[in-house]
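Engineer: These protein sequences, in sequence, are chains A and B.
Residues 129 to 240 (this note's numbering) are what the first sequence spells out, left to right.
Residues 5 to 117 (this note's numbering) are what the second sequence spells out, left to right.
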Amino acid sequence: KAGVTQTPRYLIKTRGQQVTLSCSPISGHRSVSWYQQTPGQGLQFLFEYFSETQRNKGNFPGRFSGRQFSNSRSEMNVSTLELGDSALYLCASSFARATEAFFGQGTRLTVV
Amino acid sequence: QQQVKQSPQSLIVQKGGISIINCAYENTAFDYFPWYQQFPGKGPALLIAIRPDVSEKKEGRFTISFNKSAKQFSLHIMDSQPGDSATYFCAPQGSNTGNQFYFGTGTSLTVIP
């Protein structure tokens, strides 16, 4: 069974630009969560989508947004990029709450 | 809000030795206690997890010990191997706390041959 697929794997953007990252969950999983991973802050929760609805949101500014489509694929968008947004963005899918989450390999975003 | 504290930050163990990583949490609503393993360039992957109705779970060389009253759980890696060199995260979660993992700060394990 295919794992969680994130695209693209690497991105380089300039400050002020916007970026869209994509995540395809494991077939049958309706929950998709996004995390930001940095050396200084570790893994921080961005938001979770379930059946096209945002169910939970972390403490990130409104520049970070997301959506989920009817096929459970999810996208996250970051507008007006800042240098501090440089990070590994990880997507995780799960079948239900408090169960195993499967992570993609992440998208490495570099803002210059 | 600091809900999860993980220690140590880094650990160096000889091949064949025992690696022990600890995690302390505050939220009594947590009811799922996993450990994730992450290799460079990869996303985290579930290593082993425990639910609060048992105090210990063993899978091969990996054991979770859970102390509900102390609000702590730990990962023990027996007969540590160089291939175990990775970063380990505790990431408790609650059925009623949103589908969010509260990741610890991570432990970088190095197993010396």
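Note that beta-carbon positions come from the ideal geometry of N, C-alpha and C, so glycine has one too.
In terms of DSSP beta bridges, what is B:Phe-105 paired with?
Structural biologist: The partner list for B:Phe-105 (beta bridge, DSSP) is empty, contrary to what the question assumes.
Engineer: Under 8 Å, do B:Gly-47 and A:Gln-233 count as touching if we go by C-beta distance?
Structural biologist: Taking 8 Å as the Cβ cut-off, B:Gly-47 and A:Gln-233 qualify as a contacting pair.
Engineer: Within 10 angstroms of the Cβ of B:Asp-57, are there 16 or more other Cβ atoms? Answer buried if so, exposed if not.
Structural biologist: Exposed is the call here.
Engineer: Counting only beta-carbon atoms, is A:Gly-234 nearer than 8 Å to chain B?
Structural biologist: Yes, its Cβ sits closer than 8 Å to a Cβ of chain B.
Engineer: Contact defined as beta carbons within less than 8 Å: I believe B:Ile-52 pairs with B:Glu-63. What is the distance between those atoms, to the nearest angstrom?
Structural biologist: B:Ile-52 to B:Glu-63, Cβ: 5 Å. Contact.
Engineer: With which residues is A:Gln-146 paired in a DSSP beta bridge?
Structural biologist: DSSP, once it has assigned bridges, lists no residue as partnering A:Gln-146.
Engineer: So what does DSSP say about A:Leu-216, is it helix, strand or coil?
Structural biologist: Three-state result, A:Leu-216: strand.
Engineer: Below 9 Å between beta carbons is the criterion; list the residues of the stretch 191 to 204 of chain A that meet it against any residue of chain B, in chain order.
Structural biologist: Going along the stretch 191 to 204 of chain A in chain order, one finds no residue with a Cβ nearer than 9 Å to chain B.
Engineer: Return the CA-CA distance between B:Phe-105 and A:Thr-135, expressed in angstroms with no decimal places.
Structural biologist: Their Cα atoms are separated by approximately 22 Å.
Engineer: Any beta carbon from chain A within less than 8 Å of B:Ser-66's own beta carbon?
Structural biologist: Position check: residue 66 of chain B holds Phe in this sequence, whereas Ser was assumed. No, its Cβ sits nowhere closer than 8 Å to a Cβ of chain A.
Engineer: From A:Glu-176 to B:Val-17, what distance separates their C-alpha atoms?
Structural biologist: Roughly 37 Å separates the two Cα atoms.
Engineer: Between the stretch 22 to 53 of chain B and chain A, which residues of the former have a C-beta closer than 9 Å to a C-beta of the latter?
Structural biologist: Residues Phe-34, Asp-35, Tyr-36, Pro-38, Tyr-40, Gln-42, Gly-45, Lys-46, Gly-47, Pro-48, Ala-49, Leu-50 and Ala-53.
Engineer: Using a Cβ-Cβ cutoff of 9 Å, what residues of the stretch 89 to 111 of chain B are near chain A? List them in chain order.
Structural biologist: If the cut-off is 9 Å between Cβ atoms, the stretch 89 to 111 of chain B has Phe-93, Ala-95, Gln-97, Gly-98, Ser-99, Asn-100, Thr-101, Gly-102, Asn-103, Gln-104, Phe-105, Tyr-106, Phe-107, Gly-108, Thr-109 and Gly-110 near chain A.
Engineer: Who does B:Glu-60 pair with in a DSSP beta bridge?
Structural biologist: B:Glu-60 is bridged to B:Ser-69.
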